[in-house]
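Colleague: My questions all concern the structure below.
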Amino acid sequence: MISTRLNRKTANPRLEKKTTSGPVKELLRLSAPYAAPLTIACLCVVIVNAAYLVQPLILQRVIDHFLIGHAAPRGLDSIGGMALLYLTVSAAGGVFSYIQSLLVARAGQGLIHNLRVKVLSIIQLLPLSYLDRTLPGRLITRATNDTSEISDLYTDVVVMLIKDVLLLGGIVYVMLSLSLELTLVSFIVIPVIIFLVVYIKNRIQRNFFHMKHFIGRINGFIAESISGMRVIQIFRAEREKEAQFLELNGQYFATTLTQVRLNSILKPASDLFQNLSIAILVWYGAGKIFGGSLQIGVLYAFTTYIKQFFAPISDLADKYTSIQSALVSTERICELFREQDRLEAPEEGLPVERLDGAIEFKHVWFAYNDADWVLKDVSFVIKKGQTAAFIGETGAGKTTIISLINGFYRVQKGEILIDGINVNNIRLTDLRRNVSVVLQDVFLFSGNIRDNVTLGDDIADEAVRDALRASCAETFIQDLPAGMNEPVTERGGSLSSGQRQLISFARALAHDPAIFVLDEATANIDTHTEKLIQQAVDNLARGRTTLIIAHRLSTIAGADIIIAMKNGRIAESGDSAELLKRGGYYAKLLEESRSHAASC
Numbered sequence: 001m002i003s004t005r006l007n008r009k010t011a012n013p014r015l016e017k018k019t020t021s022g023p024v025k026e027l028l029r030l031s032a033p034y035a036a037p038l039t040i041a042c043l044c045v046v047i048v049n050a051a052y053l054v055q056p057l058i059l060q061r062v063i064d065h066f067l068i069g070h071a072a073p074r075g076l077d078s079i080g081g082m083a084l085l086y087l088t089v090s091a092a093g094g095v096f097s098y099i100q101s102l103l104v105a106r107a108g109q110g111l112i113h114n115l116r117v118k119v120l121s122i123i124q125l126l127p128l129s130y131l132d133r134t135l136p137g138r139l140i141t142r143a144t145n146d147t148s149e150i151s152d153l154y155t156d157v158v159v160m161l162i163k164d165v166l167l168l169g170g171i172v173y174v175m176l177s178l179s180l181e182l183t184l185v186s187f188i189v190i191p192v193i194i195f196l197v198v199y200i201k202n203r204i205q206r207n208f209f210h211m212k213h214f215i216g217r218i219n220g221f222i223a224e225s226i227s228g229m230r231v232i233q234i235f236r237a238e239r240e241k242e243a244q245f246l247e248l249n250g251q252y253f254a255t256t257l258t259q260v261r262l263n264s265i266l267k268p269a270s271d272l273f274q275n276l277s278i279a280i281l282v283w284y285g286a287g288k289i290f291g292g293s294l295q296i297g298v299l300y301a302f303t304t305y306i307k308q309f310f311a312p313i314s315d316l317a318d319k320y321t322s323i324q325s326a327l328v329s330t331e332r333i334c335e336l337f338r339e340q341d342r343l344e345a346p347e348e349g350l351p352v353e354r355l356d357g358a359i360e361f362k363h364v365w366f367a368y369n370d371a372d373w374v375l376k377d378v379s380f381v382i383k384k385g386q387t388a389a390f391i392g393e394t395g396a397g398k399t400t401i402i403s404l405i406n407g408f409y410r411v412q413k414g415e416i417l418i419d420g421i422n423v424n425n426i427r428l429t430d431l432r433r434n435v436s437v438v439l440q441d442v443f444l445f446s447g448n449i450r451d452n453v454t455l456g457d458d459i460a461d462e463a464v465r466d467a468l469r470a471s472c473a474e475t476f477i478q479d480l481p482a483g484m485n486e487p488v489t490e491r492g493g494s495l496s497s498g499q500r501q502l503i504s505f506a507r508a509l510a511h512d513p514a515i516f517v518l519d520e521a522t523a524n525i526d527t528h529t530e531k532l533i534q535q536a537v538d539n540l541a542r543g544r545t546t547l548i549i550a551h552r553l554s555t556i557a558g559a560d561i562i563i564a565m566k567n568g569r570i571a572e573s574g575d576s577a578e579l580l581k582r583g584g585y586y587a588k589l590l591e592e593s594r595s596h597a598a599s600c
């Protein structure tokens, strides 16, 4: 018997309470650690903008004061002095622009880091009901693409928007100080540009929602295809899958073409109206110069400011795609934040250090979808330390019962009691610490065998060895070069199916649960390995409540109670001898099993 008690680390303290703030407040909270560098970056932007605004004024003075006016140089107030001042201002602008870019980049990367940790923390707490209706590819997109684009939202929008607004305001102020008349002439085409940007903006945003939808579907399709590649190749379904992908990728391609067409309108239109504004300004200003009411340097400064004025607009047109993409990603991340508001925190509920393992179902009704009942008025009692076996055809509700005991779902009617306590009232971390499950579809993580047994918990090496020995996994591990430190590839691809099953068995044992579950754990392994596992189960089930789901009825003949499920209801229950004597559903399934084994 494994005697080491599990001392599981507590969940992330940030997730012990539900998030009550809105999505926008949550995003602001995540960016709060970077408020200082972003503020400094904004101050650098002010200096950079000031450099941009001063440069045309320096050249305007050179043209009007020295080249046209032939003024005598006085120290630094000369062409050479103005050239030095221009160089100094340009250098200062370049240095502060570099500092601003560096600060923004660091803040952006830090925000991505925090946001990905937050998203993964939420994903790990999502109920199976949510995961059942959400493609894995979409969640992967939330944690990768969407978090990166939200970082762009902070860096490209917050900082650059401040930069552009301040620059536009500064340009308007300087132009008004030089000539109100020329300023009005210069901005005659602005209303047309504003209308065009607003019109295109709405179409781009709608199209981006479609693009994000197809990206998520593509990621999910690729992940599913890779996971099922063995089946695809065995049944020669490569062409069918390729056709499905071509159709899906074609839909994404169509939305990207739409995006390209929309983006292609903004940049040329901005350039066109900029040139139109300059042409009108030059035509009007030339008349003023010939009339003697305007200096050439002022007209030159205005043409420069017009280019600077349209540069942020043109820049906005270039970056509008990424801005809209970031806004869509923000909404998708906020969906997860809203889902978190509905989550039950792992540390909420009644704390229970150790359960005895007595289980009772009282008139339980459960449906994954509304009114499509999977369990119908199910009632049974399993005493502490008993071994209970659930049998029945596929879809009878056996695995659903196990999922309910683990707290993955909540029943719609009735109640489930463990040691007389409603499972909904038990702290989730304590409930799952007391229940260990060995699944038919074993999942191993990349790392080594020891890591896959402990899963990061503080379990001594001796306890791990005891678990490996009790699960009979030691029979093959002792022949490995590195023993329990032998590397394991992703999903345990370097091990056989039986070896993965034994390691999964040891994982459950190492955590010393009060309730031990074998969910069809012997269905996919050879006879020799099955005997090893059966021997381990018989030895280790003593003093521990054990639940077994198996199609091989020979493995459950010694169970204290057998519960036969049929169409979501309990057809009959009792021990093997009692049920055989009745000659009912269990006896029928056993006879069919023996007939099938004989025919094979």
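Going by the UniProt record's numbering, the final residue of the sequence shown carries number 600, and the count climbs one at a time with no gaps.
Even glycine gets a Cβ: it sits at the ideal position worked out from N, Cα and C.
Since the model is a prediction, treat every value here as computed from it, not as a measurement.
Work out the CA separation of R29 and N424 for me, nearest whole Å.
Modeller: Here residue 424 refers to the residue found at position 424 of the sequence shown. Here residue 29 refers to the residue found at position 29 of the sequence shown. Going from the Cα of N424 to the Cα of R29 covers about 31 Å.
Colleague: What are the boundary residues of the alpha helix (DSSP H) that I99 is part of?
Modeller: Along the sequence shown, read from residue 1 onward, the residue named residue 99 stands at position 99. Counting along the chain, the alpha helix (DSSP H) containing I99 begins and ends at I79 to L125.
Colleague: Could you please give the first and the last residue of the uninterrupted beta strand (DSSP E) stretch that includes L417?
Modeller: Counted from its first residue, the sequence shown places residue 417 at position 417. Its beta strand (DSSP E) spans residues K413 to I418.
Colleague: What residue range does the beta strand (DSSP E) around N202 cover?
Modeller: Here residue 202 is taken as the residue at index 202 of the sequence shown, counted from 1. Unbroken run through N202 is the alpha helix (DSSP H), I190 to S227; no beta strand (DSSP E).
Colleague: Tell me whether A473 is buried or exposed, calling it buried when 16 or more other Cβ atoms sit within 10 Å of its Cβ.
Modeller: Within the sequence shown, numbered from 1, the residue matching residue 473 stands at position 473. So A473 counts as buried.
Colleague: State the DSSP-derived secondary structure class of P513, mapped to helix, strand or coil.
Modeller: Here residue 513 refers to the residue found at position 513 when the sequence shown is read from its first residue. In this structure, P513 counts as coil in the three-state DSSP scheme.
Colleague: For the pair the segment 409-419 and the segment 358-369, tell me if three or more CB-CB distances fall below 8 Å.
Modeller: Touching, yes.
Colleague: Between which two residues does the alpha helix (DSSP H) harbouring I140 extend?
Modeller: Translated into positions along the sequence shown, residue 140 becomes position 140. Where I140 is concerned, the enclosing alpha helix (DSSP H) stretches over P136 to T141.
Colleague: Reducing DSSP to helix, strand and coil, say where L184 ends up.
Modeller: Mapped onto the sequence shown, residue 184 falls at position 184. Note: L184 maps to helix in three-state DSSP.
Colleague: Measure the alpha-carbon distance for I306 versus Q274 and round it to whole angstroms.
Modeller: Start at 1 with the first residue of the sequence shown, and residue 306 comes out as number 306. Start at 1 with the first residue of the sequence shown, and residue 274 comes out as number 274. Each residue's Cα considered, the two are about 7 Å apart.
Colleague: Where does R5 fall in DSSP's three states?
Modeller: In the sequence shown, counting from the first residue as 1, residue 5 sits at position 5. Here R5 scores only 33 on pLDDT, less than 50, and its place in the model is too uncertain to base an answer on.
Colleague: Please work out which residues of its chain come closer than 6 Å, Cβ to Cβ, to N422, disregarding the five sequence neighbours upstream and downstream, and give them in chain order.
Modeller: In the sequence shown, the residue the question calls residue 422 occupies position 422. Cβ neighbours of N422 beyond the five flanking positions: E415.
Colleague: Thinking C-beta only, is L580 closer than 8 Å to A587?
Modeller: Residue mapping note: residue 587 aligns to position 587 of the sequence shown, counting from 1. Residue mapping note: residue 580 aligns to position 580 of the sequence shown, counting from 1. Contact: yes.
Colleague: According to the neighbour-count rule (16 or more other Cβ atoms, all chains shown, within 10 Å of its Cβ), is M229 buried or exposed?
Modeller: Taking the sequence shown and counting its residues from 1, the one referred to as residue 229 is at position 229. So M229 ends up on the exposed side.
Colleague: Flag this pair as yes or no: are the beta carbons of E149 and S329 separated by less than 8 Å?
Modeller: Numbered from its first residue, the sequence shown carries residue 149 at position 149. Numbered from its first residue, the sequence shown carries residue 329 at position 329. The answer is yes: Cβ separation under 8 Å.
Colleague: For a test of the three-state rule: what should DSSP assign to N452, helix, strand or coil?
Modeller: For this step, residue 452 is matched to residue 452 along the sequence shown. Note: N452 maps to helix in three-state DSSP.
Colleague: If you draw a straight line from the C-alpha of A269 to the C-alpha of S129, how long is it?
Modeller: As a working mapping, residue 269 is identified with position 269 in the sequence shown. As a working mapping, residue 129 is identified with position 129 in the sequence shown. Spanning the two alpha carbons is a distance of roughly 49 Å.
Colleague: Pick out whichever of N249, K267, R106 and E181 has its Cα sitting closest to the Cα of K201.
Modeller: Position 201 of the sequence shown, counted from the first residue, corresponds to residue 201. The option with the nearest alpha carbon to K201 is K267.
Colleague: Hey, how far is the Cα of A105 from the Cα of A92?
Modeller: On the sequence shown, residue 105 is found 105 positions in, with the first residue counted as 1. On the sequence shown, residue 92 is found 92 positions in, with the first residue counted as 1. In a straight line, the C-alpha of A105 is about 20 Å away from that of A92.
Colleague: Would you call the CB atoms of residue 608 and I204 closer than 8 Å?
Modeller: As displayed, the chain neither begins before 1 nor continues past 600, which places residue 608 out of reach and without an answer.
Colleague: In the DSSP output, which residue or residues are listed as bridge partners for N369?
Modeller: Counted from its first residue, the sequence shown places residue 369 at position 369. Partner(s): D372.
Colleague: If you draw a straight line from the alpha carbon of A559 to that of G385, how long is it in whole angstroms?
Modeller: Counted from its first residue, the sequence shown places residue 559 at position 559. Counted from its first residue, the sequence shown places residue 385 at position 385. A559 and G385: Cα-Cα distance of roughly 11 Å.
Colleague: With 16 other CB atoms within 10 Å as the buried threshold, where does S21 fall?
Modeller: Taking the first residue of the sequence shown as 1, we reach residue 21 at position 21. For S21, the predicted model reports a pLDDT of 44, less than 50, meaning its position is unreliable; a value from the coordinates is still stated below. The residue in question, S21, is exposed, as its Cβ has fewer than 16 Cβ neighbours within 10 Å.
Colleague: Under three-state DSSP, which class holds D479?
Modeller: Numbered from 1 along the sequence shown, position 479 holds the residue referred to as residue 479. DSSP places D479 in coil when its eight states are reduced to three.
Colleague: Using three-state DSSP, classify N422 as helix, strand or coil.
Modeller: By 1-based counting over the sequence shown, the position of residue 422 is 422. In this structure, N422 counts as strand in the three-state DSSP scheme.
Colleague: Buried or exposed for G583, going by 16 or more other Cβ atoms inside 10 Å?
Modeller: Working through the sequence shown from its first residue, we reach residue 583 at position 583. Result: exposed.
Colleague: Pull up the distance between the alpha-carbon of V453 and that of F245, whole angstroms please.
Modeller: Locating residue 453 in the sequence shown gives position 453, where the first residue counts as 1. Locating residue 245 in the sequence shown gives position 245, where the first residue counts as 1. Answer to the nearest angstrom: the Cα atoms are 38 Å apart.
Colleague: In its own chain, which residues sit with a C-beta less than 7 Å from the C-beta of F208, not counting the 5 before and 5 after it?
Modeller: Translated into the one-based positions of the sequence shown, residue 208 becomes position 208. Cβ neighbours of F208 beyond the five flanking positions: Q324, S325 and V328.
Colleague: Count the CB pairs spanning the segment 532-552 and the segment 444-464 that are closer than 8 Å, and state whether there are at least three.
Modeller: Counting Cβ pairs under 8 Å, fewer than three are found: no touch.
Colleague: Using DSSP bridges, identify the partner residues of R74.
Modeller: Numbered from its first residue, the sequence shown carries residue 74 at position 74. According to DSSP, which records beta bridges pairwise, R74 is partnered with D77.
Colleague: The beta strand (DSSP E) spanning S573 covers which residue range?
Modeller: The count along the sequence shown starts at 1 and reaches residue 573 at position 573. That run of the beta strand (DSSP E) goes R569 to G574.
Colleague: Out of G492, L518, R427 and P191, which has the shortest C-alpha to C-alpha gap to S471?
Modeller: The sequence position of residue 471 within the sequence shown is 471, counting from 1. Answer by Cα proximity: L518.
Colleague: In the DSSP output, which residue or residues are listed as bridge partners for M565?
Modeller: If you number the sequence shown from 1, residue 565 lands on position 565. Its beta-bridge partners are I570.
Colleague: Pick helix, strand or coil for K362, following the three-state DSSP scheme.
Modeller: The residue given as residue 362 occupies position 362 in the sequence shown. It is a strand residue.
Colleague: DSSP three-state call for P351: helix, strand or coil?
Modeller: Within the sequence shown, residue 351 is the residue found at index 351, counting from 1. It is coil, neither helix nor strand.
Colleague: Measure the CB-CB distance between residue 610 and G216 and report whether it falls below 8 Å.
Modeller: Nothing in the structure corresponds to residue 610, since the chain is present only between 1 and 600.
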